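Asker: For the sequence shown, the working numbering gives the first residue as 194, with consecutive numbering after it.
Shown below is the structure under consideration.
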Amino acid sequence: MRLILIVIGNLCVLLAIIGVFLPLLPTTPFVIAAAACYAKSSTTMHRWLVRHKWWGSQLQDWYSHGSISARTKVVAVALLATSIACSVVFVVSLLPARLLLVAIAACVSWFILSRPTLPS
């Protein structure tokens with residue numbers, strides 16, 4: 194079971210990295226899932242992820258408060274909106290596909306914005 198959790202954690206980290214570049218793939222939930230897998234399977238990997246330069250503060254906020262910082266929310270939703278708008282205007286020509294992209298972006302934005310904001 195330990196090996197399976199490590200593999201799943203690694204896959205989640207890989208998806209989080211891909212999510213940095215693909216706006217419809219949310220990064221933070223994959224980082225949280227990876228941390229959960231590593232917490233049950235590898236203290237070394239869990240420690241690495243919690244102390245990571247980019248993701249460590251997000252995980253610490255999540256563990257401490259169950260929240261996402263306001264800055265992270267703004268950046269995530271702004272990048273998502275910008276990339277979806279560019280895709281809809283310049284890349285995707287089929288109306289159903291455009292509507293699907295907008296609907297997915299709206300759902301992802303709602304999820305991000307509905308999480309508690311980190312207290313000041």
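Even glycine gets a Cβ: it sits at the ideal position worked out from N, Cα and C.
Only a predicted model underlies this, so the values are computations on that prediction, with no experimental measurement involved.
Under a three-way DSSP split, which group does Thr-220 fall into?
Answerer: Looking up residue 220 in the sequence shown gives position 27. Looking at Thr-220 - three-state DSSP - the assignment turns out to be coil, as it is neither helix nor strand.
Asker: How close, in whole Å, do the beta carbons of Lys-266 and Ile-305 come, if the pair is a contact with beta carbons under 8 Å?
Answerer: One-based indexing of the sequence shown puts residue 266 at position 73. One-based indexing of the sequence shown puts residue 305 at position 112. Indeed, because the Cβ distance is near 6 Å, the residues count as touching under 8 Å.
Asker: Between Ser-234 and the rest of its own chain, which residues show a CB-CB distance below 6 Å, the 5 nearest in sequence each way excluded?
Answerer: Locating residue 234 in the sequence shown gives position 41, where the first residue counts as 1. Excluding residues within five positions, the ones whose Cβ falls inside 6 Å are Arg-195, Leu-198, Ile-199.
Asker: Return the chain-ordered list of same chain residues with a C-beta closer than 7 Å to the C-beta of Ser-302, the five sequence neighbours on each side being excluded.
Answerer: The residue labelled residue 302 in the question sits at position 109 within the sequence shown. Closer than 7 Å at the Cβ level, and outside the excluded window around Ser-302, lie Val-270, Leu-273.
Asker: Apply the 10 Å Cβ neighbour rule to His-239 and answer buried if 16 or more other Cβ atoms are within range, or exposed otherwise.
Answerer: If you number the sequence shown from 1, residue 239 lands on position 46. It is buried - the Cβ of His-239 has at least 16 other Cβ atoms within 10 Å.
Asker: Are there 16 or more other CB atoms within 10 angstroms of the CB of Gly-259, so buried, or fewer, so exposed?
Answerer: Against the sequence shown, residue 259 aligns to sequence position 66. The residue in question, Gly-259, is exposed, as its Cβ has fewer than 16 Cβ neighbours within 10 Å.
Asker: Spatial neighbours of Gly-212 within its chain, please: CB distance less than 8 Å, with the 5 preceding and 5 following residues excluded, ordered by chain position.
Answerer: The residue given as residue 212 occupies position 19 in the sequence shown. For Gly-212, where only same-chain residues beyond five positions count, the Cβ hits under 8 Å are Leu-218, Pro-219, Thr-220, Phe-223.
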